[in-house]
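Numbering that gives the first Met the number 0 numbers the first residue of the sequence shown as 0 and each following residue consecutively.
Note that CB positions come from ideal geometry on N, CA and C, so glycine has one too.
All values derive from a computational prediction rather than experimental measurement.
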Amino acid sequence: MMAPEGTSPPPPTLHSGDWFETRPCLAASARERDWDIMLRDGPVIATAIHDGHAIRPSLQPLVALADDARLREEDPFTGVLTDVGDVRITVPVSRFEVDLNRPRDKAVYRRPDDCWGLEAWREALPGTEVAHSLARWDRFYAMVEELIERLLERWETVLLIDLHSYNHRRDGADAAPAPQEGNPDIELGLSTVAPGAWREVADRFAAALRRTPVLGRAPDVRANVRWPTGGHFPEWVYDRWGERVCTISPEYKKIFMDEWTGQVDIAALRDLQRGLHAAVAQIRPEFRRRP
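1. Compute the Euclidean distance between the alpha carbons of aspartate 113 and alanine 63, then round it to the nearest angstrom.
2. Got a sec? Which residues, its chain only, sit under 7 Å from leucine 214 by beta carbon, not counting five neighbours each side?
3. Mind checking cysteine 24: buried by the 16 CB within 10 Å criterion, or exposed?
4. Any contact between the stretch 188 to 207 and the stretch 112 to 126? By contact I mean 3 or more CB pairs, one from each, below 8 Å.
5. Using the Cα positions of valine 90 and aspartate 82, report the straight-line distance between them to the nearest angstrom.
6. Helix, strand or coil: how does DSSP classify tyrosine 108 here?
7. If you draw a straight line from the alpha carbon of glutamine 179 to that of serine 132, how long is it in whole angstroms?
8. Cβ atoms of valine 43 and aspartate 85: under 7 Å apart, would you say?
9. Check whether chain D comes within 7 Å of glutamate 72, counting only Cβ atoms and requiring the distance to be less than that.
10. Starting from the Cα of leucine 189, find the closest Cα among Asn182, Val200, Gly181 and give me that residue.
11. Around the Cβ of proline 249, are there at least 16 other Cβ atoms within 10 angstroms (buried) or fewer (exposed)?
12. What would DSSP say about arginine 239, mapped onto helix, strand or coil?
13. Give the range of the beta strand (DSSP E) segment to which isoleucine 247 is assigned.
14. Alpha carbon to alpha carbon, how far is proline 212 from glutamine 272?
15. Alpha carbon to alpha carbon, how far is aspartate 170 from alanine 177?
16. Within its chain, find whatever has a CB closer than 6 Å to the CB of isoleucine 36; leave out the 5 residues flanking it on each side and keep chain order.
17. Using DSSP's beta-bridge definition, name the partner residues of tyrosine 165.
18. Indicate whether the contact test is met: 3 or more Cβ pairs, each with one atom in the stretch 143 to 162 and one in the stretch 242 to 259, closer than 8 Å.
19. How about aspartate 50 and arginine 138: do their beta carbons lie closer than 7 Å?
20. For valine 263, which of helix, strand or coil comes out of DSSP?
21. Which residue marks the beginning of the beta strand (DSSP E) containing alanine 222, and which one marks its end?
22. Mind checking tryptophan 115: buried by the 16 CB within 10 Å criterion, or exposed?
23. My parser needs the beta strand (DSSP E) runs of 3 or more residues fully inside the stretch 107 to 185; what are they?
24. Does the distance from the CB of phenylalanine 105 to the CB of aspartate 184 come in under 7 Å?
25. Using 7 Å as the threshold, is the C-beta distance between leucine 162 and alanine 47 below it?
26. In chain order, what residues of the same chain lie with their CB nearer than 6 Å to the CB of glycine 274, ignoring the 5 residues before and after it?
27. Along the alpha helix (DSSP H) that carries phenylalanine 204, what are the first and last residues, could you check?
28. Give the secondary structure of arginine 55 by DSSP, where H, G and I count as helix, E and B as strand, and everything else as coil.
29. Going by DSSP, name the residue or residues bridged to glutamate 285.
30. Once you ignore the five residues that flank threonine 77 on each side, which residues in its own chain have a CB closer than 6 Å to its CB?
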């Protein structure tokens with residue numbers, strides 16, 4: 000049966016066991032357009048699941064938002080920070096196509112209430128397009144499940160750095176930024192950090208971030224200020240592996256870019272990158288290879 004004009008049938012959903020092989024180190028068994036992955040042998044995963052801006056061709060005629068408005072709600076340049084990981088995962092697909100940090104039934108934005116009051120689409124999304132997007136969600140979670148299981152065969156515990164960014168100038172390009180009190184430079188999502196096992200580790204991680212200046216000053220680093228609960232992705236990881244995976248979700252205020260023009264401040268981004276490397280180095284010894 001032919002798909003309706005302007006749509007394409009969703010690709011088949013794959014399940015755990017399809018994504019990696021050992022030869023002798025862990026390697027991706029096939030290239031996947033839904034994400035980019037780089038693998039070294041180590042216990043640290045770094046993800047940037049909102050870094051992407053791409054929208055597949057069949058959805059482009061339905062997009063109502065201008066590119067710059069869509070980019071403002073994405074997390075550009077967070078992919079650069081994934082170089083802290085032994086395993087680096089970046090997602091080129093926009094969260095407006097499928098949001099990998101939301102549960103499956105809310106992963107496709109269909110109404111303004113789903114995405115900050117924005118009219119994302121010119122008309123209701125066809126069911127085939129929704130299915131296509133959800134198939135991407137299914138493949139991503141199947142891949143991550145297999146990845147973590149395979150890493151836990153080699154390492155006693157795994158560190159997941161779940162990278163995001165956030166806006167602080169929503170009132171306009173010329174308006175004052177949001178008050179610092181409620182908008183730290185780096186917010187650490189720690190709601191899924193097991194208190195007994197990892198809280199002291201997370202505190203050392205935060206202290207290392209504070210010791211690395213950003214544009215000549217110590218960054219304001221606090222935990223769970225804007226988001227008292229984590230997104231779906233870290234919650235899903237915790238539900239499955241508990242204390243075996245320590246998940247820290249840094250949310251970087253967009254002090255490294257102009258959120259209205261999209262222009263990056265390379266010096267600020269490099270300082271944040273150095274801080275993240277220092278923080279991971281501080282706690283890496285906690286994640287040991289299995290005997």
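So, from the listed chains and residues:
1. 15 Å
2. Ala266, Ala267, Asp270
3. exposed
4. no
5. 14 Å
6. coil
7. 37 Å
8. yes
9. Here chain D cannot be found, since the structure has a single protein chain.
10. Val200
11. buried
12. helix
13. 244 to 252
14. 11 Å
15. 8 Å
16. Ala27, Ile88
17. Lys252
18. yes
19. no
20. strand
21. 220 to 222
22. exposed
23. 157 to 161, 163 to 165
24. In the sequence under discussion, the amino acid at residue 105 is lysine, which differs from the phenylalanine named in the question. Result no, Cβ atoms of lysine 105 and aspartate 184 do not sit closer than 7 Å.
25. yes
26. Leu208, Thr211
27. 194 to 210
28. coil
29. None; glutamate 285 has no bridge partner.
30. Ala47, Asp50, Leu162, Ser164
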